[in-house]
Structure formats: C-alpha cells, structure tokens
Amino acid sequence: MPEPAAPNRAATAAKIAANPAAYKVCEGCDSIVGSGTSLCPNCHGYRFDPASERVVLQARILGSREQTSVTADDLN
Ligand SMILES: [Zn+2]
C-alpha cells in the first residue's frame, strides 16, 4: 500500500527532535515553530521558549497525538 506524499506527524516530530536548535515552542499554544519565526501563525503570540529540551519534549507530544496543533511542516 503506497504511503501518502505528506510526511506523517511522527516523522515530523522525529525531524524536529533531531535538530531542536532550529525550532522553538510557542508559549501561547505549544506549537513548534521555526527558530526564525517572530509571530506564532497559530495563536499570533510572540513569546517563545527556544530551549532544546522543551522543543524535544513538545515534538514527542505532537508525534504521539492523533490531533495536533501546527507543526513546522504545516507553516509553509
Ligand atoms: Zn501559538
């Protein structure tokens, strides 16, 4: 059975966890965004936690949930 072209949540989470320095976590909605983002595209918050351990933890949560909020791959 062929896989869809879009990456799944677990793969996205694994990619984020492998390079947490490139991401940060929104303090408003816990979305993971790129480190260069200044305004959260999900909740329009501007406070972020850039700690790698926080990013990795959040990536694991997102990768294990059925419903998730925005991940880096959704932002385009
Ligand atoms: Zn947010």
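Here the sequence shown stands for residues 3 to 78, where the numbers follow our numbering.
No residue lacks a Cβ here, since even glycine has one placed at the ideal position from N, Cα and C.
Checking the sheet assignment: what are the DSSP bridge partners for Val-35?
Answer is Lys-26, bridged to Val-35.
Using the Cα positions of Tyr-25 and Ala-16, report the straight-line distance between them to the nearest angstrom.
Using only the alpha carbons, I get a separation of about 13 Å.
Checking 8 Å against the spacing of the C-beta atoms, do Ile-34 and Val-27 come in under that value?
Closer than 8 Å, so yes.
Given 7 Å as the limit, tell me if Asn-10 has its C-beta closer than that to any heavy atom belonging to ligand 1.
Not so, every heavy atom of ligand 1 lies at least 7 Å from the Cβ.
Return the residue from the list Ala-13, Ala-23, Ala-12, Thr-14 that minimises the CA-CA distance to Asp-51.
Nearest option by C-alpha distance: Ala-23.
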